[in-house]
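Worksheet: one structure, shown below.
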Amino acid sequence: MPPAIHPIDLVDILRQHRLTPAIIFLTSRRGCDEAIDTFIHSTAGVSASRSEEIRTFLEKFSKEFPSIANHPLIPVVQDYGVAAHHAGHLPSWKIAIEELMRQGLLDAVFATTTLAAGVDFPARTVVVSQSSVRKSQDFADLTVSEIQQLAGRGGRRGKDFVGFVVVTPSPYIDLHVLGKGLTGQPEPIDSQFVVSFPMVLNLLKAHALDQIEGLLAKSFAQFQLNQRAAIHQDRLGELQEQLKPYGPRECADWVAQWKVFDLARRRKAHRRPVVNTDSPYLTACLPFLTAGRLIGLAKGPAIILRQYRSRGTGTPMLSVLHAKGTLGECQAQRVVEIYDQVHEFQPIRNLPWCPPRTLHQFKNILSQLPVRPPTLPILEASQEPDDPLLSNILTEEFACPTCPSHEACKKDVAVASRLQLKAQQATKTIQALRDGLWHQFQRKADVLHKFGYLTATLQLTDTGEWGRLIRINHSLLITELIRMEAFSGIAPELLAGVMASIAHDDDRPSSYMRLTPGLATMLAQVRQVADSLRAYEPTPLLRSDVAAIAERWIGQTELSWASLVRSTSMAEGDVYRLLARTLEFLSQIYGLKATHPGLADTAHQAMVNMRREVLAELP
Amino acid sequence: MNDADLQRELVSLPIKYLHKFAKGRIHRHFRLSKRRLIDSILALPSEQKMAIAHEVEQISTSPKKSPATSGNPKSSSPFYPKRSSPKKLSKSAPPSSAIGLQDLLEGIGVPEPKPFIPDDWQKEAVEAIAHSDVIVSAPTGSGKTFVATEAIQQAMARNQTVIYTSPLKALSNTKYMEFSQFFGKDQVGILTGDRRDNSQAPLLIMTTEILRNILYDATSGDLDLRLHTLGLVILDESQYLADPERGVVWEETLILCPTQTRLLLLSASIGNPQELAEWLTAIRPTTSCHLIRHTKRSVPLRALYLHPSGQLVPLLENRDIQQQKGYRFHPETKRLFNEYEFKPYR
Ligand SMILES: Nc1ncnc2c1ncn2[C@@H]1O[C@H](COP(=O)(O)OP(=O)(O)O)[C@@H](O)[C@H]1O
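Structure follows, in structure tokens:
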């Protein structure tokens, strides 16, 4: 949403108060472009001498970067001293605007917030008119770090005594988010470590297996997991203390004994055989899906109020409180995330399963969750000997009814078994936090063994030896395609087209461009292979329009950049980024020259064709 | 009325109506912003939404409706409304006990050029990098580049190679130009996936992914780069370690970095630099990691609120934005913003 104030008025006021140069952050590229358009034919121009300075600069700049020579925005920049700067523009254009800004020749730059992340681009004033940004499909509040990154560009050292942040409202703005962001403490950063296929291959190439466990243990991920494990360790200690009064009685593990006895009694009454059809993963999850646990469901976070099994099928079920405050039932297997957060409460036996006060408190908790609460890794036990007693003992006689501890056991069993369950949860959690990464590594290694990149003893096979050189997203798809000789004898432009469709992960729409029959067949095959790998690697978008763009640029070397861009509705900057990423992918294939000289040659040819005009301007 | 219609209607309504609808239906609705309120209303069960849609219709057909709700607000201009006749600026804010606009705007201007004197934190960082790894966490624009260039010079004087990484190619290019000017063109090289410009230079610039790949190739023994002389690795914008997709590359790089190489991590302000420093100290047994945490901005920052009518007032009660001290909105901002939320301009 654009700010409520008109762009010309905004710049006018900034100028009057000597608050220029300013960066004006807007939500969308379109907002930036249209803001610039409103200046055309207005009276908000800059002095003739400034115009002249801008003109001189741009003229000189375009000697080095010819791609901006005829940029359509040049007249506005020259006449009005304002510019737009966002990812839809070419890097050369952005560099030009940044440099103009640095030299103090512009009064205002309309930019999207992506600019804040990593362009060296300060100004006297920063204008903010939003408190949220689009993140994947949804809008999310700006974080404190993000707001400080934006605001931090106000006030240039050596050029300003003071800097300013100007907040001007747009629909939906929440002033408190900004107030907190400007004055608050930035968020801590958390590890996002994941084990990838190339990581496994490259680590195994250079290190023995036991060294690798040590290397993974060196990650920031493990460092943070250990800290969480330590907290659970303390809790475990407390629980064990509380369990002391419930030590051995007539029989050592009286709690288990009592439970089996109790179960047997009830079974006899119902005569219903119970078959456990839960998957191993679900079985591993169940001990954690207990009352008070925070979980993630497809439609958002929820807190578990009770766990039970459905009458008919015996499916594990949960009663939950959803984030929007409604109660619901769901199958335990629908849980997508188990968070490392449990809230104690006194359960009650019927709806709503907890006291009203707790319900209220839980709603509060759910409305104030952090963006990403830490999750609990779940370790699947190989085969859990789930209560080995159960099957044997059910038919036997029990000593319980006549046991001297009978009364005491009956009285204590509820408390003791709850404590035991918690202790068991804590133990499993600690183990999962400590071993999670290593398990991730092993799972990936298993897949690589299955596909023949690793031997059973986790040595690199010949395939693994070259496969490890592909270190980009979708590496498994690419190496599999190479192995099945999908690219043998392929033309450079086809290879580039395929790589573009694998590399491009943006679903911003663009116009349809006609595919050549060769590329269409090729893509169909790639899609098939990608689908077959779905279980091991996320499938790329494989857009055919971007493949066609790359194919044209590589195949028709006489084609000019201008006509390439004209043939698609994609923004120039997006086409550039697509091709630059494709280049990155091609260069990895070129890296296989020792084992796949023919294919590497083709990749090289594609790279050479790629590097012309604007794509040759920057390293 | 479908969801989209309802949403459009709600957007065009003053917020007080939304609170009225939300009352008894949405928990703690009074704490929500307009956008959140609308989201929450749209997430209500359909019977409740129907009831609200009904109330909305009643409002918009009642004679009391505000001008903003007439018709479809987005129908005419796609983005920016027609500019109303040039607005008069109200120069003076009404008197109030809180700080005034004049105080806030005081002191705008360009300082005289001064000889460069490094700040204490900069000196501390430069001294520390001589014997330990260093993390610098400081706000944007405070002068982290100075620390980098000093550290590079130290390493060059020892005939060591330096690698400087940035998260984005665009930033690599900017730094390449900047460093080429500063150190001389022959002293600086840049590496990308397919290009090696001046790769024998003592200072090499690349993205973190490229460095990660170099380190993998080095540990496996197939590499042409001189890692044994690598004296210093500088990771700019280290807060990228928390990037959901690429953060792992920073961890791989730090884990695989040779032990004899000094690390200099430059980061924007983050919440837990101490934790990062403890981690690096823990995994690199031969070197400790020195944390430089600088939170004070070098140029004071002040906040203003610009009302769509053109009126400019202080945003907060204090003059300079003060970190970690909480905030209170200026009474004028509160009044004007309230007015805006109840009667949106457009
Ligand atoms: N001690 C200092 N005294 C005066 N100006 C400085 C000092 N340190 C840095 N600067 C200037 O501050 C500006 C911002 O520095 P920079 O290193 O780009 O910030 P950062 O990398 O922290 O975002 C530069 O123009 C630089 O010359």
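As given, the protein sequences belong to chains A and B, one line each in that order. In case it helps, this note's numbering puts the first sequence at residues 6 to 624. In case it helps, this note's numbering puts the second sequence at residues 2 to 347. We put the CB at the ideal spot given by N, CA and C, even for glycine. Just so you know, these numbers come straight off a predicted model, no measurement behind them.
Between which two residues does the alpha helix (DSSP H) containing residue i stretch?
{"i": "P306(A)", "result": "Counting along the chain, P306(A) falls outside any alpha helix (DSSP H), though it belongs to the beta strand (DSSP E) covering 305 to 314."}
{"i": "Y344(A)", "result": "First-last for Y344(A): 342 to 347, but that is the beta strand (DSSP E), not the alpha helix (DSSP H)."}
{"i": "Y241(B)", "result": "Per DSSP, Y241(B) belongs to no alpha helix (DSSP H) and is neither H nor E."}
{"i": "A431(A)", "result": "411 to 455"}
{"i": "G365(A)", "result": "First, the residue type needs correcting, since residue 365(A) is His and not Gly in the sequence shown. First-last of the alpha helix (DSSP H) with H365(A): 361 to 372."}
{"i": "S126(A)", "result": "Checking the sequence shown, residue 126(A) turns out to be Phe, not Ser. Careful: F126(A) lies outside any alpha helix (DSSP H) and carries neither H nor E."}
Per DSSP, what kind of secondary structure is residue i in: helix, strand or coil?
{"i": "D165(A)", "result": "coil"}
{"i": "F115(A)", "result": "strand"}
{"i": "D579(A)", "result": "helix"}
{"i": "C290(B)", "result": "strand"}
{"i": "H181(A)", "result": "helix"}
{"i": "D511(A)", "result": "coil"}
{"i": "H22(A)", "result": "coil"}
{"i": "I206(B)", "result": "strand"}
{"i": "S268(B)", "result": "strand"}
{"i": "A608(A)", "result": "helix"}
{"i": "V57(B)", "result": "helix"}
{"i": "S299(B)", "result": "coil"}
{"i": "L474(A)", "result": "coil"}
{"i": "A27(A)", "result": "strand"}
{"i": "R37(B)", "result": "helix"}
Give a yes or no on whether 8 Å exceeds the smallest Cβ distance from residue i to chain D.
{"i": "K368(A)", "result": "Note that chain D does not occur in the displayed structure, where the protein chains are A and B."}
Around the C-beta of residue i, are 16 or more other C-beta atoms found within 10 angstroms, so that it is buried, or is it exposed?
{"i": "K140(A)", "result": "exposed"}
{"i": "V613(A)", "result": "exposed"}
{"i": "I45(A)", "result": "exposed"}
{"i": "N3(B)", "result": "exposed"}
{"i": "H90(A)", "result": "buried"}
{"i": "H94(A)", "result": "buried"}
{"i": "F117(B)", "result": "exposed"}
{"i": "R377(A)", "result": "exposed"}
{"i": "S181(B)", "result": "buried"}
{"i": "Y286(A)", "result": "exposed"}
{"i": "F22(B)", "result": "buried"}
{"i": "L356(A)", "result": "exposed"}
{"i": "E51(B)", "result": "Here the sequence assigns Met to residue 51(B), which means Glu is not the residue at that position. M51(B) should be labelled exposed."}
Is residue i close to ligand 3? I mean its beta-carbon at under 7 Å from any heavy atom of the ligand.
{"i": "A171(B)", "result": "Ligands present in the displayed structure are limited to ligand 1, and ligand 3 is not among them."}
Using CA coordinates, which residue listed in the options is at the minimum distance from residue i?
{"i": "V81(A)", "options": "G189(A), K598(A), R55(A)", "result": "R55(A)"}
{"i": "P361(A)", "options": "L310(A), H237(A), T173(A)", "result": "L310(A)"}
{"i": "P71(A)", "options": "V347(A), A567(A), Y458(A), A525(A)", "result": "A567(A)"}
{"i": "V531(A)", "options": "R519(A), A552(A), S515(A)", "result": "A552(A)"}
{"i": "S549(A)", "options": "S572(A), L524(A), V570(A)", "result": "L524(A)"}
{"i": "E252(B)", "options": "D267(A), K455(A), I194(A), F198(A)", "result": "F198(A)"}
{"i": "A235(A)", "options": "Y177(A), L268(A), T432(A), R354(A)", "result": "T432(A)"}
{"i": "L106(B)", "options": "V133(A), D165(A), R233(A)", "result": "D165(A)"}
{"i": "R161(A)", "options": "D146(A), P127(A), P250(A)", "result": "P127(A)"}
{"i": "L33(B)", "options": "A529(A), L424(A), Q373(A), R316(A)", "result": "Q373(A)"}
{"i": "S506(A)", "options": "T526(A), L268(A), L546(A), K99(A)", "result": "L546(A)"}
{"i": "E218(A)", "options": "L442(A), L105(A), C37(A)", "result": "L442(A)"}
{"i": "S515(A)", "options": "S574(A), G457(A), A529(A), L465(A)", "result": "S574(A)"}
{"i": "T32(A)", "options": "E385(A), Q153(A), P7(A)", "result": "P7(A)"}
{"i": "S422(A)", "options": "S150(A), A261(A), I194(A), P250(A)", "result": "A261(A)"}
{"i": "K416(A)", "options": "A269(A), A92(A), F367(A), P250(A)", "result": "P250(A)"}
{"i": "T296(B)", "options": "V111(B), S138(B), P46(B)", "result": "S138(B)"}
I'd like the span of the beta strand (DSSP E) that includes residue i, first residue to last.
{"i": "I300(A)", "result": "298 to 302"}
{"i": "Q153(A)", "result": "No beta strand (DSSP E) contains Q153(A), which is instead part of the alpha helix (DSSP H) from 149 to 156."}
{"i": "Q336(A)", "result": "332 to 336"}
{"i": "S324(A)", "result": "321 to 327"}
{"i": "A226(A)", "result": "Element bounds for A226(A): not the beta strand (DSSP E) but the alpha helix (DSSP H), 225 to 248."}
{"i": "T230(B)", "result": "From DSSP, T230(B) is part of no beta strand (DSSP E); its letter is neither H nor E."}
(request) Determine, using beta-carbon pairs with one atom in the segment 480 to 487 of chain A and one in the segment 218 to 229 of chain A, whether at least three such pairs fall under 8 Å. (result) no
(request) Kindly confirm or deny that the segment 143 to 163 of chain B and the segment 114 to 133 of chain B touch, where touching means at least three C-beta pairs closer than 8 Å. (result) yes
(request) Evaluate the contact criterion for the segment 132 to 143 of chain B versus the segment 293 to 303 of chain B: three or more CB pairs, one atom per stretch, below 8 Å. (result) yes
(request) Examine the Cβ distances between the segment 166 to 178 of chain B and the segment 207 to 222 of chain B and report whether three or more of them are shorter than 8 Å. (result) yes
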